[in-house]
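A.B. asks: I have a structure here, written as structure tokens, and I will follow up with some questions on it.
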Amino acid sequence: MKRLSDERAKILFEKLSKYIGTNVKQLIDRPDGTYCFREHRDRVYYVSERILKLSECFGPEKLVCVGTCFGKFSKTNKLKFHITALYYLAPYAQYKVWVKPSFEQQYLYGNHIAKSGLGRITENAGQYQGVVVYSMNDLPLGFGVLARSTTECKTADPMTTVCFHQSDIGEYIRSEDTLF
Amino acid sequence: MQMSIDHQEIFSFPDNDSEENKEITLQEIQQRIKDITLVLSDFKKYRQENHSRTEYLDLLRHDLCIYYSYNDFLMGKLMDMFPLTELMEYLEASEVPRPLTIRTNSLKTRRRDLAAALINRGVNLDPLGKWTKVGLVVYSSQVPLGATPEYLAGHYMIQGASSLLPVMALAPQENERVLDMCSAPGGKGSHIASIMKNTGVLFANDANRERIKAVVANFHRLGVINAIISCEDGCKFRNVMTGFDRILLDAPCTGTGVVAKDPSVKSTKNEVDVQRCYNLQRKLLLTAIDCVDAKSKTGGYIVYSTCSVLPEENEWVIDYALKKRNVKLVPTGLDFGVEGFTKYRQYRFHPSLNLTRRYYPHTHNMDGFYVAKLKKFSNTIPMTKEQQEADEKELDEAITNAESVVNKNTDPMEKSVHEENELRRPLGKHAGKPNLSEVEIDLKKRKLVESKTKYIANEFEKPLKVQKKHKVDHKTVSLTPSKKSKNTELKVNKSDIPQNGREEEQQAKNLKVPKTKKMVENLSNVLEGKPQRKENKIKMKSKTIGQLKKDKKKIKN
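Structure follows, in structure tokens:
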């Protein structure tokens with residue numbers, strides 16, 4: 040467990056603000072104790088400082104995971120969020136997309152969201168805005184990036200992609216080996 | 111009706127020659143099992159004079175092995191454990207898989223909401239029972255339960271009904287520090303976290319790096335955020351961290367309780383496997399006990415569970431721990447289940463083992479399971495470091511020995527029992543001495559140890575009466591350094607128990623509150639290891655007079 044370098048911290052917060060905007064503050068200033076981001080084998084973990092201290096007893100080789108994993112830095116220093124970050128992204132998300140029940144399964148298999156599968160969408164979302172994807176009964180399913188802005192969505196064809204898939208909860212099964 | 115009774119009454123013991131030559135069908139075997147059971151139910155009436163009970167039992171075991179495809183060893187163990195009628199029920203129930211059960215993740219949803227959502231997807235389910243608030247039993251499902259959006263969102267976990275029990279027995283409280291020693295795949299661990307409501311710290315450990323991935327995945331899916339997941343060797347955990355409030359040890363075992371899930375257990379496990387398992391379990395349990403903090407305000411508990419039904423892996427292990435550490439058994443808090451054995455064949459365990467619980471497929475419709483809850487009442491270890499190291503070494507050797515025997519066994523030429531015996535008892539020391547059987551050797555050693563303890567007990571007879579009232583608290587104190595070999599140490603003589611118990615209790619008292627110098631001297635007579643004697647004296651000195659007075663008052667009360 041080590042602190043993130045300044046560069047990596049910047050990348051992380053930029054990425055976070057794409058999805059939850061100014062709510063990033065809420066992740067740092069919490070009423071229930073100090074929470075912090077730490078890096079362990081290129082993976083970013085978000086954890087309470089209290090727990091972090093206890094984890095220092097373990098050797099770096101023996102330690103597998105502390106708190107919640109947000110994502111992983113690639114060799115080229117790009118951060119990719121894992122589906123595990125959804126636990127924190129979903130409650131703070133500013134822009135949301137709801138998919139129809141008929142499209143749920145398709146999304147969970149890793150497909151982009153077509154207009155025909157779109158149930159609802161937050162107003163005023165611009166193109167390439169990071170969004171959290173929900174099912175119609177408000178179950179967070181994953182996150183992605185809008186391919187069209189909200190206004191464009193309204194006039195789009197049923198088959199055009201409105202939201203690019205980035206991550207979905209199906210990955211817990213599909214890519215268990217690579218994620219953890 | 112008359113026919114069948116007639117047939118049973120004239121059940122004749124098959125001749126040795128004809129039996130080997132003749133091929134018998136499965137139905138005939140089934141009939142014969144029934145016949146022999148009847149004969150054994152009233153042996154005097156139905157027996158044939160020229161055949162003994164053991165012959166009947168051997169034939170029955172042989173038939174049962176064929177009919178249910180067990181190996182001789184495991185069937186023999188089961189026959190020792192159950193009376194015949196119960197045995198048949200157990201074997202039948204073990205063939206059928208248990209119902210699929212799921213646990214609601216109370217961190218993310220409520221059972222009622224989850225049930226409604228799943229019913230919408232075409233799942234037919236019901237609450238599991240009155241004893242749990244999170245379990246659901248699934249009768250049928252149109253969708254794969256391991257891939258519904260609810261599952262992926264972490265609203266439930268697929269796990270057997272029996273695996274809810276140890277966590278309920280553990281009863282973790284909020285803001286505690288809890289360790290799950292063998293956690294993969296994380297079902298019980300996440301259950302602990304959900305009971306703690308994501309407060310405190312949960313340590314999930316597993317020695318297997320491949321299986322630990324499943325723990326990480328499940329914890330993230332179920333929304334457990336207070337966990338530290340590590341991949342340490344469980345036996346070395348005391349070097350990493352101690353001072354836990356509660357520890358769950360779901361020990362690796364032979365899995366004889368889950369034969370419905372994995373039928374290969376029935377035919378592959380042998381004596382050596384069991385031996386290796388219980389040695390590892392003892393080691394893990396001692397480590398777990400060492401890691402718990404007895405002074406914890408809310409906790410100080412260890413829950414030990416296995417999915418095995420063999421007493422070797424359950425009662426024996428607990429009995430061993432009771433002798434080696436300052437722990438006592440407490441009620442598990444589970445209001446059903448069969449009481450653990452206090453006696454099994456020629457072995458006698460500590461009487462408080464009736465507080466542990468066993469679960470069987472035929473009585474509780476869940477996997478065969480064992481749960482024991484221990485409370486640690488003192489952080490001191492009732493033996494010297496040398497003894498402790500010797501114990502460790504013994505266990506280690508037992509484990510490696512077992513492995514070497516396994517390796518030998520793979521060579522079909524060297525499979526004879528005789529050689530196995532030789533491996534355990536190398537020549538040299540025993541050269542030229544009569545070849546005693548194991549039982550005889552055990553008897554001899556037991557007598558030797560008894561003679562020592564008996565002599566000491568006489569010196570202690572007088573002050574005992576005063577402290578009878580405290581008996582309950584210190585019932586399970588165990589201080590006598592066990593010098594018996596690994597095979598003998600759990601075979602306690604019946605008459606040995608109460609006497610030993612009283613005497614040990616006395617010793618524990620004295621360790622805490624040295625009343626007078628005389629007592630200390632007495633004590634030092636009892637304790638054979640010199641280093642301990644020194645420690646006690648130092649302790650004595652450090653106590654002020656005021657403290658001593660207080661102690662005296664306590665004792666009077």
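Residue numbers (our numbering), protein chains in the order written: chain A, 40 to 219; chain B, 111 to 667. Glycine included, every Cβ here is placed at the ideal spot set by N, Cα and C.
With 8 Å as the threshold, decide whether the Cβ of LEU262(B) is near any Cβ in chain A.
C.D. replies: yes
A.B. asks: Three or more C-beta pairs under 8 Å: does that hold for the region 414-423 of chain B against the region 469-479 of chain B?
C.D. replies: yes
A.B. asks: What residue range does the alpha helix (DSSP H) around LYS433(B) cover?
C.D. replies: 425-434
A.B. asks: Identify the contact partners of VAL105(A) in chain B, using a Cβ-Cβ distance below 7 Å as the criterion.
C.D. replies: ILE338
A.B. asks: Quick one, which residues of the region 90-102 of chain A are near chain B if we go by CB-CB under 7 Å, in chain order?
C.D. replies: ILE90, LEU93, SER94, CYS96, PHE97, LYS101 and LEU102
A.B. asks: Between which two residues does the beta strand (DSSP E) carrying LYS486(B) extend?
C.D. replies: Counting along the chain, the beta strand (DSSP E) containing LYS486(B) begins and ends at 479-486.
A.B. asks: Is LYS111(A) near ASP81(A), with beta carbons less than 8 Å apart?
C.D. replies: yes
A.B. asks: For VAL103(A), which residues does DSSP report across the bridge?
C.D. replies: In DSSP, VAL103(A) forms no bridge with anything.
A.B. asks: Mapping DSSP to helix, strand and coil, what is LYS393(B)?
C.D. replies: helix
A.B. asks: Can you pull the chain A residues whose beta carbon is under 9 Å from the beta carbon of ILE322(B), in chain order?
C.D. replies: VAL103, CYS104 and PHE219
A.B. asks: Of all Cβ atoms in chain B, is any one closer than 8 Å to the Cβ of SER174(A)?
C.D. replies: yes
A.B. asks: Tell me whether GLY98(A) sits in a helix, a strand or coil according to DSSP, three-state version.
C.D. replies: Residue state, collapsed to three classes: coil.
A.B. asks: Using a Cβ-Cβ cut-off of 8 Å (strictly less than) and excluding sequence neighbours within five positions of LEU15(A), which residues of its own chain qualify?
C.D. replies: Residue 15(A) is absent from the structure shown; chain A starts at 40 and stops at 219.
A.B. asks: DSSP has VAL402(B) in a bridge; who is on the other side?
C.D. replies: Beta-bridge pairing links VAL402(B) to PHE354(B).
A.B. asks: I'd like to confirm the pairing. Which residues does DSSP put opposite VAL170(A) in its beta bridges?
C.D. replies: GLY183(A)
A.B. asks: How long is the line joining the alpha carbons of THR161(A) and HIS301(B), rounded to whole angstroms?
C.D. replies: 36 Å
A.B. asks: Can you tell me where the alpha helix (DSSP H) holding SER415(B) begins and where it ends?
C.D. replies: No alpha helix (DSSP H) holds SER415(B); the beta strand (DSSP E) holding it covers 411-416.
A.B. asks: Assuming LYS154(A) contacts VAL184(A) under a Cβ cut-off of 8 Å, what Cβ separation, rounded to an integer in Å, is found between them?
C.D. replies: Contact doesn't hold; Cβ gap of about 16 Å is too wide.
A.B. asks: How long is the line joining the alpha carbons of ILE399(B) and ARG213(A), rounded to whole angstroms?
C.D. replies: One Cα belongs to ILE399(B), the other to ARG213(A), and the distance between them is close to 39 Å.
A.B. asks: For THR61(A) and chain B, any beta-carbon pair shorter than 8 Å?
C.D. replies: Cβ-Cβ to chain B under 8 Å: no for THR61(A).
A.B. asks: Taking the alpha-carbon positions, what's the SER56(A) to THR211(B) distance?
C.D. replies: 41 Å
A.B. asks: Cα-Cα, which of THR473(B), ALA303(B), GLY447(B) and GLY478(B) is closest to LEU465(B)?
C.D. replies: Comparing Cα positions, the closest option is GLY447(B).
A.B. asks: Can you find a CB in chain A that lies within less than 8 Å of the CB of ALA257(B)?
C.D. replies: yes
A.B. asks: DSSP has LEU241(B) in a bridge; who is on the other side?
C.D. replies: Sequence inspection shows Trp at residue 241(B); the Leu mentioned does not correspond to that position. TRP241(B) pairs with nothing; no bridge assigned.
A.B. asks: Please compile the residues from chain B whose C-beta is within a distance smaller than 9 Å of the C-beta of LYS143(A).
C.D. replies: A small fix is needed here, since residue 143(A) is Glu in this sequence, not Lys. Within 9 Å Cβ-Cβ: PRO259.
A.B. asks: Are the C-beta atoms of CYS192(A) and some chain B residue less than 8 Å apart?
C.D. replies: no
A.B. asks: Kindly list, in the order they appear in chain B, the residues whose Cβ is closer than 7 Å to that of GLY209(A).
C.D. replies: LEU262
A.B. asks: Count Cβ pairs between the region 169-186 of chain B and the region 339-348 of chain B that sit closer than 8 Å; are there 3 or more?
C.D. replies: With the cut-off at 8 Å, the region 169-186 of chain B and the region 339-348 of chain B do not touch.
A.B. asks: Run through DSSP, which three-state label would MET476(B) get?
C.D. replies: coil
A.B. asks: Using only the alpha-carbon positions, how far apart do ILE412(B) and VAL402(B) sit?
C.D. replies: 7 Å
A.B. asks: Establish whether the CB of PHE570(B) and some CB of chain A are separated by less than 8 Å.
C.D. replies: Residue confidence is low: PHE570(B) scores 39 on pLDDT, short of 50, so the model does not pin down where it sits. Its coordinate-derived value is still stated next. Chain A, which has no Cβ nearer than 8 Å to the Cβ of PHE570(B), makes this no.
A.B. asks: Quick check on the DSSP output: the beta strand (DSSP E) that includes GLY299(B) runs from which residue to which?
C.D. replies: Counting along the chain, GLY299(B) falls outside any beta strand (DSSP E), though it belongs to the alpha helix (DSSP H) covering 297-305.
A.B. asks: Let me know if VAL138(A) comes out buried or exposed under the rule of 16 or more other beta-carbons within 10 Å of its beta-carbon.
C.D. replies: buried
A.B. asks: Anything in chain A within Cβ reach of MET668(B), meaning under 7 Å, just list it in chain order.
C.D. replies: Shown here, chain B extends from 111 to 667; a query on residue 668(B) therefore has no answer.
A.B. asks: MET493(B) by DSSP, collapsed to three states: which one?
C.D. replies: It is coil, neither helix nor strand.
A.B. asks: Round the Cβ separation of ALA337(B) and ALA314(B) to the nearest angstrom and send it over; I've been treating them as touching at under 8 Å.
C.D. replies: Indeed they touch by this definition, with Cβ atoms about 6 Å apart.
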